[in-house]
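First the structure, in the form of structure tokens, and then the observations on it.
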């Protein structure tokens, strides 16, 4: 997918000594500067995404978080004709009854609230799309659409054109491997739910404000809460911690960083209060946070 700059008189290619940041993705326009609608863009791809959003009245994308777009510099739109094959599509689709189809794509480019907003408003860009939900932790978008109005290929091409090309590797799209991942997620959810319920139960002395005589086991319950919260923090919440660490290492922090930071602070502060005897901690809040995030 290429753009013909001659069809856009507002586009100009210039060079500056101190290049501005791209209005869409935030990268420096060091190689080239594309001016459109009085805004700087680092390449024609970013300019095209802006034009798509503008024509569909979706520029709120830039209000949620500035320069949140994914850079399209140097990228070429792949050919997705192979997705028209019915056998291939059946391996990718989660559900299809001829009227409604559902598919989940892994989109590694998801990194902020603006990405989530844009992907959950895909129906404004393609009439056949009925609904789209984003799982930030898994960087996955679940899309429901009418196969009589659009196709799997068109949806993938739309995602690629706005900077969210899905990872399509047939070896990793087999149902068995996807079920294995879902099984791990269920285990994580189960651990968090079990700990959440039991920590709340053991925290009743604090909830009810019992006297010292009635709260004899308060310290013991606190230590048990630490033991229950450990697998929640290290196992159920590990994907958030890993994602945040990767974001920091690549200098591309997203909303996973404050979530991981909040989980870490909650656990350490609560453990300190319980061990030092200065408070009851917030292990119930930690377990609840992780449970509902999953």
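Numbering (the numbering used here), first residue to last: 40 to 333.
Each residue gets a CB set at the ideal place from its N, CA and C atoms; glycine is no exception.
Just so we're clear, the structure is a prediction, and the values are computed from it rather than from any experiment.
Assign residue 143 to one of three DSSP states: helix, strand, or coil. strand
In angstroms, rounded to a whole number, what distance separates the CA positions of residue 308 and residue 287? 23 Å
Closest by C-alpha distance to residue 230, when choosing among 271, 182, 151: 271
Whole-angstrom distance between residue 180 and residue 174, CA atom to CA atom: 6 Å
Cα-Cα, which of 145, 234, 256 is closest to residue 328? 234
Can you grab the Cα-Cα spacing for the pair residue 321 / residue 277, in whole Å? 19 Å
Kindly indicate which three-state DSSP category residue 24 falls into: helix, strand or coil? In the structure as shown, the chain starts at 40 and stops at 333, and residue 24 therefore has no counterpart that could be examined.
How would you label residue 182, buried or exposed, when you count the other beta carbons within 10 angstroms and need 16 or more for buried? buried
When the Cα of residue 177 is compared with those of 146, 162, 193, which residue comes out closest? 146
Roughly how far, in whole angstroms, is the beta-carbon of residue 227 from the beta-carbon of residue 279, given that I think they are within contact range, below 8 Å? So it is not a contact: roughly 11 Å between Cβ atoms.
According to DSSP, simplified to helix, strand and coil, what is residue 159? coil
Have a look at the DSSP bridge pairing and note the partners of residue 80. 73
Residue environment, residue 171, which counts as buried when at least 16 other CB atoms sit within 10 Å: buried
Can you look up residue 51 in the DSSP assignment and give me helix, strand or coil? Reliability fails at residue 51, whose pLDDT of 46 lies under 50, so the model's placement of it is uncertain and the value that follows must be treated cautiously. Residue state, collapsed to three classes: strand.
Going by the beta-carbon positions, is the gap between residue 260 and residue 241 smaller than 8 Å? yes
Option nearest residue 135 by Cα separation, candidates 165, 95, 187: 187
Measuring only the C-alpha atoms, how far is residue 151 from residue 203? 13 Å
Tell me whether residue 178 sits in a helix, a strand or coil according to DSSP, three-state version. coil
When you compare the CB positions of residue 119 and residue 195, do they come within less than 8 Å of one another, or not? yes
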